[in-house]
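**Student:**
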Amino acid sequence: VILRGSRERGFEEVIAPIENLRVGDRFVVRPGDRIPADGIIVEGSSGVDNSFITGESLPVDLSIGDQVTSGAINLTSRLVIEAERVGRDSELSRITQMVMTAQSEKAPVQRLVDRISAVFVPIVVAAAIATFFTWYGFGLGTLQDAVTAAVSLLVIACPCALGLATPVALLVASGEGARSGIVLRKVRSIEIASKINTVIFDKTGTLTTGKMQVQAVTFNPASRLANEISYSIAHSLSRESNHPISRAIARHSLKAMSGASSGSSLVSLTLKDISETPGSGIAARTTVEGSDLPVILGSPNAITRATFSLPQVIKDAVLAAQSHGNSVSLLAVDGEAIAAFEVGDTLRSDASTVIAELTKGGIESWLISGDGSAAVNEIGQEIGIPADHRMAEATPDAKIAKTRELQAAGKKVLMIGDGVNDAAALAQADLSMAMGTGTDTAIASADITVMRPELRGVIDSLKLSRKTLSTIRGNLLWAFLYNTIGIPVAALGLLNPMIAGGAMALSSLFVVLNSLRLKNALR
915 VILRGSRERG FEEVIAPIEN LRVGDRFVVR PGDRIPADGI IVEGSSGVDN
965 SFITGESLPV DLSIGDQVTS GAINLTSRLV IEAERVGRDS ELSRITQMVM
1015 TAQSEKAPVQ RLVDRISAVF VPIVVAAAIA TFFTWYGFGL GTLQDAVTAA
1065 VSLLVIACPC ALGLATPVAL LVASGEGARS GIVLRKVRSI EIASKINTVI
1115 FDKTGTLTTG KMQVQAVTFN PASRLANEIS YSIAHSLSRE SNHPISRAIA
1165 RHSLKAMSGA SSGSSLVSLT LKDISETPGS GIAARTTVEG SDLPVILGSP
1215 NAITRATFSL PQVIKDAVLA AQSHGNSVSL LAVDGEAIAA FEVGDTLRSD
1265 ASTVIAELTK GGIESWLISG DGSAAVNEIG QEIGIPADHR MAEATPDAKI
1315 AKTRELQAAG KKVLMIGDGV NDAAALAQAD LSMAMGTGTD TAIASADITV
1365 MRPELRGVID SLKLSRKTLS TIRGNLLWAF LYNTIGIPVA ALGLLNPMIA
1415 GGAMALSSLF VVLNSLRLKN ALR
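Going by the numbering used here, the letters in the sequence shown line up with residues 915 to 1437, in that order.
1. Measuring alpha carbon to alpha carbon, tell me which residue in 1238, 944 and 1436 is nearest residue 994.
2. Can you have a look at residue 1126 and say buried or exposed, based on whether 16 or more other CB atoms are within 10 angstroms of its CB?
3. Tell me the rounded alpha-carbon separation between residue 1286 and residue 1144.
4. Would DSSP call residue 1208 helix, strand or coil?
5. Could you spell out where the beta strand (DSSP E) holding residue 952 opens and where it closes?
6. Quick check on the DSSP output: what are the complete alpha helix (DSSP H) runs of length 4 or more inside the region 1035-1104, in order along the chain?
7. With 16 other CB atoms within 10 Å as the buried threshold, where does residue 1179 fall?
8. Check this for me: beta carbons of residue 1090 and residue 1350, under 9 Å apart or not?
9. Give me the Cα-Cα distance between residue 1430 and residue 1322, rounded to the nearest whole angstrom.
10. For residue 1382 and residue 1370, I'd like the C-alpha separation in whole angstroms.
11. Could you compute how far the alpha carbon of residue 1008 sits from the alpha carbon of residue 1042?
12. Got a sec, what are the start and stop residues for the alpha helix (DSSP H) residue 1421 sits in?
13. Assess, as a yes-or-no matter, whether the region 1414-1426 is touched by the region 1108-1124 under the definition of 3 or more beta carbon pairs within less than 8 Å.
14. Span of the alpha helix (DSSP H) holding residue 1229?
15. How do the region 936-952 and the region 976-992 stand: do at least 3 beta-carbon pairs fall below 8 Å, yes or no?
16. Considering only the beta carbon of each residue, do residue 1235 and residue 1241 sit closer than 9 Å?
17. For residue 1197, which residues in the same chain have their Cβ closer than 6 Å to its Cβ, ignoring the five residues on either side in sequence?
18. Touching or not, the region 1143-1161 and the region 1272-1285, by the rule of three or more beta carbon pairs under 8 Å?
19. Which residue or residues does DSSP assign as beta-bridge partners of residue 993?
20. When we look at the beta-carbon of residue 1275 and count the other beta-carbons within 10 Å, is it buried (16 or more) or exposed?
21. Grab me the residues of residue 1327's own chain with a C-beta within less than 7 Å of its C-beta, minus the 5 sequence neighbours each way, in chain order.
22. May I ask you to list the residues that DSSP assigns as paired with residue 1342?
23. Rounded to the nearest angstrom, what separates residue 999 and residue 1259 at their Cα positions?
24. Which of helix, strand or coil does DSSP assign to residue 1272?
25. Determine the extent of the beta strand (DSSP E) in which residue 1330 is found, giving its start and end residues.
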C-alpha cells in the first residue's frame, strides 16, 4: 500500500505492485507483513523481526525516525515508512547477491581437490585395467572373477566423496552464516581465519554503531521560547540537510515532538531563504510566535559569528561535548543561542566482551582510527584495548603502514572497518571484515561482511570459518581413507559390485551429513 499525495494536501492509500515503489515514496506496512524496501519510519511504532537479515532472535522495538530494512517483518502495529533504497539497491538484495557470489567461488583447497580429481579418474581406470589383466592373465580366477574385481574397483573408487567434501561444506556454511547475519563474501577467508592472531578495529561504525545519535540536549533557561518550539525549529532546519549530524538531530527532534501534546502542530514549520554552508550549518527564516525571525542550526563557531555571545550554560554544554569526543550543534533564533545538541556515536553494547574474548583466545586487538586522541583513548580505555595498541588521527596511509608493520612482524592481521578511508587497509590485511552499515567501498573490499548490529558477529565469523575448515579437512580425510582402504579390498576380489556401490553411496552420504553439522556451528 503506497501513500500518494503531499503533507499539505494529505495522503491517499493506493494498492500497487512492489515494482512501482520508488525512492521517496511512503508506504504502509501492516502487522504480519514483510517490509518491501529499506527506509525510515515516519509514522507509528512497532516490534520488528529482523532475524531474516541480522540473525537476531528477539524483535526490535522501532518508532519514528528509526531505520528499517527490506525483508524484516512488522509484528505488532501499523507503520508508515519512507523508502530510501528499493529493488536491487535494498539491503536484502545486496545480501542475496553477496551470498550467491560467495557460493560460486572456489576455495584454494577446492582447487587442490579439483587437480587431484583430474588425475584420480585416469589412475583408477588404469588400476581397474591392471586388476583385470592381473586376475585373468596370471590365472588367479575366471573371466567372471576378473571382471567382477575390475568393476568393483571402478565403482568403489568413484570420486564423489572427494568432489563433495569442500563444496557441500561451503554451501552449508555460507547459508548458516547468512541466517546469522554473516556473509562470507570470499571463500578464501575460511582458510585464513584459522591463522588470525591480530585484529585491527576502526572506531566509528565498527566499535561504535556508526549511527550518529543525539547524546544530550541543553536548553538556555533564559530563552523565552518553550522547549517544544525549539525542537520544532531544530527539526525544520535539520531535515533540510543530508549531513549525518543533521539527520540525527532531525530524528531526535521528531521523537521529542511526537511525545508532546502539541507536537503534531509544531512539526510543519515553513522555512524560507534556506542556505547551507558546509562545515558551518544551515540558516533560514521562519515565523516564530507571530514574528518572522532568522534561525540557524550549526557549529559553535558559526553561531558565535552570528550572535553577540554564548550563554554560559551553552558554553558549558559545548565544552562537555568536546571532552566526550562528540560533535555539538547549536540552535540560534534571532541572534540568541537557545539550545545545544551533543551528537555522537554510540559504543556497541558488546564491544568490551568481544575484546575480552579475543584476548582470552590469544588474539591481540588494536584500535586505529582517524578520530582525535580524546575520543580514541576514551573508547579504548572503556573496552580494554591497551594504550600502546591505540592509534588516533590515522590517515588511510597510516592504517596501511601499521598493517604492513604488523605483518612484517609475523602477525596474521584481520582488519575490521566500515568507511571509504578503511578500504585500502582492508585490502592490505590478510583477512578483512566490514560491518553491514558501512560504505559500499568498504564492503566491496572485505572478505566477510557482518550484517548484525552486534560486534559479536566478529567472534562468530572466526568461529564459523574455523569450524568450516575443520569440517572440510574431516571430509577430505574420510574420502582419502575410504579410497585408500576400498581400492585394495576391491582389487583383491573381496567385494562384488553391489556392495561396492553401496559403500560408495554411504561414503558420499557421510560427507553430506558431516557437512550438515555446520548448521549448528553457531548455536
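Cβ coordinates follow ideal geometry from the N, Cα and C atoms, glycine included.
**Tutor:** So, from the listed chains and residues:
1. 944
2. buried
3. 31 Å
4. strand
5. 952-957
6. 1057-1070 and 1074-1093
7. Because the pLDDT of residue 1179 is 45, which lies under 50, any placement of that residue in the model is unreliable, and the number read from its coordinates should be weighed accordingly. Residue 1179 is exposed by the Cβ-count criterion.
8. no
9. 38 Å
10. 18 Å
11. 49 Å
12. 1411-1430
13. no
14. 1226-1237
15. yes
16. yes
17. 1189 and 1210
18. no
19. 943
20. exposed
21. 1112, 1114, 1317, 1320, 1321, 1343 and 1344
22. Bridge partners of residue 1342: none, in fact.
23. 23 Å
24. helix
25. 1327-1331
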